[in-house]
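Numbering (full-length UniProt numbering), first residue to last: 1 to 486.
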């Protein structure tokens with residue numbers, strides 16, 4: 001006894017299949033022969049007529065089963081016919097009605113059983129809505145468990161080393177993260193170490209991360225270099241503070257130079273001095289940083305004094321700010337513009353004492369400043385101080401912390417425009433005659449050179465030396481030489 005579905009299937013096929021005629025798919029697609037009904041399957045008009053019959057048959061079937069005459073909102077997909085794996089859509093949208101009219105041609109004499117239906121359809125179509133939310137069963141298949149196998153720490157580090165895809169989130173425990181860091185350090189590759197360190201920084205607490213940096217010095221060094229290259233100064237200061245206050249203080253001193261405001265710079269350097277105050281390992285650094293701090297404060301006060309001077313008297317220092325200048329530049333300013341000033345802020349002697357400048361360095365800066373001012377009497381005063389023998393008429397000997405040759409080299413600079421007689425006075429005091437002749441020729445003090453050659457009593461050499469003197473200056477020495485040669 002057939003079930004209801006089987007009865008429907010039998011009734012449907014009985015109403016559509018022509019009796020005694022076996023139609024195959026190959027017969028349908030054969031365009032050269034007519035099918036058993038005499039209709040060419042690729043004849044458009046004939047196929048149209050067949051489609052109408054199928055549609056009417058569907059209405060009759062639905063009406064017989066108690067359905068309505070009309071089928072609401074039938075989509076083209078619902079009227080698709082499967083032909084050898086190919087989908088033929090009815091192609092109409094909207095409602096399907098019984099559109100037969102008086103003008104339609106009469107139905108063929110054969111019954112519905114003679115309609116070549118089963119060549120196209122192997123099962124009756126179901127006129128039902130398609131649920132768009134129907135899940136795709138293929139996507140609900142379980143994923144093989146082998147995909148989720150956690151790689152070893154060594155495999156992950158090797159992937160980082162050769163720039164292959166990797167996942168660090170597998171490792172959640174502290175021991176696993178320490179193992180990652182140890183394995184990365186063993187490679188001695190900076191990029192690998194930084195990758196692991198940044199992962200630890202983002203997944204560990206601040207205290208735990210800092211403890212790891214203290215335990216693994218090589219990783220901490222790479223991390224500090226990474227922060228310095230990326231100018232992450234605040235993070236670098238925190239790391240240095242953990243590693244040791246000495247590094248933190250030195251970084252503070254380095255960053256102090258980036259402050260444009262002189263007051264901010266002074267405060268930053270003062271903070272460094274306090275941090276290094278009790279650090280015996282950086283005693284020398286503490287001394288120099290403290291000296292720099294005192295110099296900044298002194299220059300700030302000197303700048304206020306400089307602003308009170310006439311602009312013409314400090315034209316050299318207008319383009320070169322006094323603030324944050326070198327110690328030598330500050331001393332040169334004091335020697336050039338405040339040589340006789342009793343103000344302790346700008347007095348050269350007080351400045352020398354406060355910053356413990358050596359006698360030699362102070363003398364060189366003072367001599368150059370006086371030459372720039374062309375204050376020749378002041379130079380005589382510092383080079384030949386009045387002594388008891390000078391008062392008796394025995395002359396005075398030069399007393400200076402540098403050699404006489406270096407003094408002449410400073411005074412003889414072309415920018416100072418020293419007078420020839422003034423320069424010759426010091427060249428004559430050179431004991432070595434050959435050196436005296438060389439200096440006289442270099443600084444164009446030809447009178448001193450002629451005197452040296454006269455002492456040698458070498459007439460030929462004297463004539464050669466005279467020929468080397470510029471023509472415009474030969475007139476000055478010609479009378480003495482003519483008298484000598486005669």
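Even for Gly, the Cβ is constructed at its ideal location relative to N, Cα and C.
- When secondary structure is reduced to three states using DSSP, residue 465 falls in the helix class.
- Within the same chain, and ignoring the five residues on either side of residue 54 in sequence, no residue has its Cβ closer than 6 Å to its Cβ.
- By alpha-carbon distance to residue 415, the top candidate from 160, 407 and 374 is 374.
- Spatial neighbours of residue 168 in its own chain (CB-CB distance under 6 Å, excluding positions within 5 residues in sequence) are listed in chain order as 199.
- For residue 259, no alpha helix (DSSP H) segment is defined, and its DSSP state is neither H nor E.
- By the Cβ rule, the region 417–430 does not count as touching the region 454–471, because fewer than three pairs are nearer than 8 Å.
- With a threshold of 16 other beta carbon atoms within 10 Å, residue 398 falls short and is exposed.
- When C-alpha distances from residue 354 are compared across 293, 407 and 411, the shortest belongs to 293.
- For residue 442, the enclosing alpha helix (DSSP H) begins and ends at 433–442.
- DSSP places residue 244 in the coil class of the three-state scheme, outside both helix and strand.
- By the Cβ test, the region 357–377 is not in contact with the region 300–312, since fewer than three Cβ pairs between them sit closer than 8 Å.
- Counting only residues of its own chain and dropping the five nearest sequence neighbours on each side, residue 190 has a CB closer than 7 Å to the CB of 222.
- Runs of the alpha helix (DSSP H) spanning 4 or more residues and lying entirely within the region 285–368 occur at 327–337 and 348–354, in chain order.
- Taking a cut-off of 8 Å on C-beta distances, the region 279–291 does not touch the region 328–339, as fewer than three cross pairs fall below it.
- DSSP places residue 197 within a helical segment (H, G or I) once states are collapsed to three.
- Relative to the Cα of residue 237, the nearest Cα in the group 345, 181, 437 and 272 belongs to 272.
- Measuring C-alpha to C-alpha distances from residue 351 to each of 371, 436 and 302 identifies 302 as the nearest.
- Collapsing the DSSP output to three states places residue 415 in a helix.
- Residue 197 and residue 252 have their C-alpha atoms roughly 24 Å apart.
- Inclusion of residue 445 and residue 420 in the CB contact set at 8 Å is warranted, their separation being smaller than that value.
- For residue 153, the uninterrupted alpha helix (DSSP H) segment begins and ends at 153–161.
- Distance from the CA atom of residue 166 to the CA atom of residue 269, rounded to whole angstroms, is 46 Å.
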